[in-house]
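S.K.:
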Amino acid sequence: MVLCLICGASVNSNETRALPANRQCLGILLSSLMIFDHADVNEMRDVYALGGKRNKQLCKGHHAKAAYFLLDEVERSGGLSRYRDPKAGGRNTYVNEGNIPQQILDLLNATVKQLDIENVLTPRNLATFLNDALVRYFRGSEWHNSIAGSNKSSGFFVMPSSSDSSKRVESRKRPAEAIDVIPVPPPQPVRPCGSTHLEGGYSSASGECVQPQNNSGTGGENVSCSPTTESDNLFEQKIKVEPGLEEEEPSNFLMTVGHIKPEPLSH
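Here my numbering is used: the first residue of the sequence shown is 12, the next is one more, and so on.
1. At what residues does the alpha helix (DSSP H) containing Cys70 begin and finish?
2. In whole angstroms, give me the CA-to-CA distance for Leu69 and Leu81.
3. Pick out the complete alpha helix (DSSP H) segments inside the stretch 95 to 138, 4 residues or longer, and give them in chain order.
4. Would you kindly report the start and end of the unbroken beta strand (DSSP E) that includes Arg28?
5. Between the alpha carbons of Ala32 and Gly89, how many angstroms are there, rounded?
6. What does the Cβ neighbour count give for Cys18, buried or exposed, with the cut at 16 atoms within 10 Å?
7. Work out the CA separation of Pro134 and Gly109 for me, nearest whole Å.
8. When you compare only the Cα positions, how much space is there between Gln113 and Asp83?
9. Do you know how far the Cα of Leu30 is from the Cα of Gly62?
10. CB-CB under 7 Å to Asp57, same chain, minus the five flanking residues each way: which ones, in chain order?
11. Could you name the residues of the same chain whose beta carbon sits closer than 8 Å to that of Gly166, not counting the 5 residues immediately before and after it, in chain order?
12. Whole angstroms is fine: what's the gap from Leu41's alpha carbon to Lys76's?
13. Which two residues bound the contiguous alpha helix (DSSP H) that contains Met55?
14. To the nearest angstrom, report how far apart Asp143 and Asn136 are at their CA atoms.
Now the structure itself:
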């Protein structure tokens with residue numbers, strides 16, 4: 012049994028993670044709990060000061076909970092991407108650093124300054140933190156149905172439901188025990204100019220529905236973001252997201268070519 016530095020609970024060692032040694036990782040974790048879970052700033056400063064020291068443990072639920080709050084806000088801003096993973100038999104979710112909403116990053120940076128005035132968080136720091144949590148604690152594209160909490164199922168953390176619906180960054184009032192499971196709308200792919208997006212294809216300007224080809228041989232996108240072991244040096248493992256098929260885009264385009272009959276020159 013080990014003692015969690017945040018909640019003080021005595022838990023089994025397999026239910027804890029080492030306190031992150033990387034100050035950006037630790038800053039994101041504690042800042043998220045301060046913003047959304049009303050964690051006391053003085054207590055978080057004490058925890059932050061212990062970063063990098065040996066034999067300091069936190070409940071895995073705190074890591075997953077902090078990531079859930081941020082993933083929810085990134086999702087609302089359209090910053091989550093999906094890719095098809097044939098090996099996993101479905102779709103997975105990841106965060107691209109280029110899609111991190113600036114207002115979330117600004118809020119985290121303003122909060123982490125209360126812990127360390129010199130700590131500066133970047134989009135890559137936040138994307139790495141969230142991708143690590145998606146791999147460790149959440150279930151692919153259904154991440155919002157397998158989130159941090161007291162009940163555990165199949166190795167994933169499940170948050171108890173609640174009637175509280177105030178979950179926006181602006182309110183900053185999201186107690187950990189009062190989080191609803193929020194239906195997440197699928198991301199909308201970019202549609203061709205002058206067309207109307209339809210499921211499975213798109214409509215051309217003339218109104219004709221064009222169906223995309225099935226790129227069965229292409230497969231899913233390669234995403235390498237799964238750490239093999241519990242590691243304190245979280246940000247030493249870079250997230251590589253190679254270009255792939257987030258949403259299968261139509262590969263056939265209808266093009267109408269108008270032939271213009273030249274007028275004879277008048278003399």
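Yeah, the Cβ is synthetic: ideal placement off N, Cα and C, and Gly gets one too.
M.R.: In this structure, then:
1. Reading the sequence shown from its first residue, position 59 is the one you call residue 70. Careful: Cys70 lies outside any alpha helix (DSSP H), inside the beta strand (DSSP E) at Gln68 to Cys70.
2. Position 58 of the sequence shown, counting from 1, holds the residue named residue 69. Position 70 of the sequence shown, counting from 1, holds the residue named residue 81. The alpha-carbon atoms of Leu69 and Leu81 are separated by roughly 19 Å.
3. Fully enclosed alpha helix (DSSP H) runs of 4 or longer: 113 to 123.
4. The sequence position of residue 28 within the sequence shown is 17, counting from 1. Per DSSP, Arg28 belongs to the beta strand (DSSP E) from Thr27 to Ala29.
5. Stepping through the sequence shown from its first residue, residue 32 is reached at position 21. Stepping through the sequence shown from its first residue, residue 89 is reached at position 78. C-alpha separation (whole angstroms): 30 Å.
6. The count along the sequence shown starts at 1 and reaches residue 18 at position 7. Within a 10 Å sphere around the beta-carbon of Cys18 sit fewer than 16 other beta-carbons, which makes this residue exposed.
7. Residue 109 sits at position 98 when you count from the first residue of the sequence shown. Residue 134 sits at position 123 when you count from the first residue of the sequence shown. C-alpha separation (whole angstroms): 7 Å.
8. One-based indexing of the sequence shown puts residue 113 at position 102. One-based indexing of the sequence shown puts residue 83 at position 72. In a straight line, the C-alpha of Gln113 is about 15 Å away from that of Asp83.
9. Sequence index remark: in the sequence shown, residue 62 carries index 51 (1-based). Sequence index remark: in the sequence shown, residue 30 carries index 19 (1-based). Rounded to whole angstroms, Gly62 to Leu30 spans 6 Å at the Cα level.
10. Position 46 of the sequence shown, counted from the start, is the residue given in the question as residue 57. Cβ within range, chain order: n/a, list empty.
11. Locating residue 166 in the sequence shown gives position 155, where the first residue counts as 1. At Gly166 the pLDDT is 42, less than 50, meaning the model places this residue with poor confidence; the figure from the coordinates comes in the next sentence. Excluding sequence neighbours, Gly166 sits near nothing in its chain.
12. In the sequence shown, counting from the first residue as 1, residue 41 sits at position 30. In the sequence shown, counting from the first residue as 1, residue 76 sits at position 65. Whole-angstrom Cα-Cα distance: 11 Å.
13. Translated into the one-based positions of the sequence shown, residue 55 becomes position 44. Counting along the chain, the alpha helix (DSSP H) containing Met55 begins and ends at Val52 to Ala60.
14. Looking up residue 143 in the sequence shown gives position 132. Looking up residue 136 in the sequence shown gives position 125. Each residue's alpha carbon lies about 11 Å from the other.
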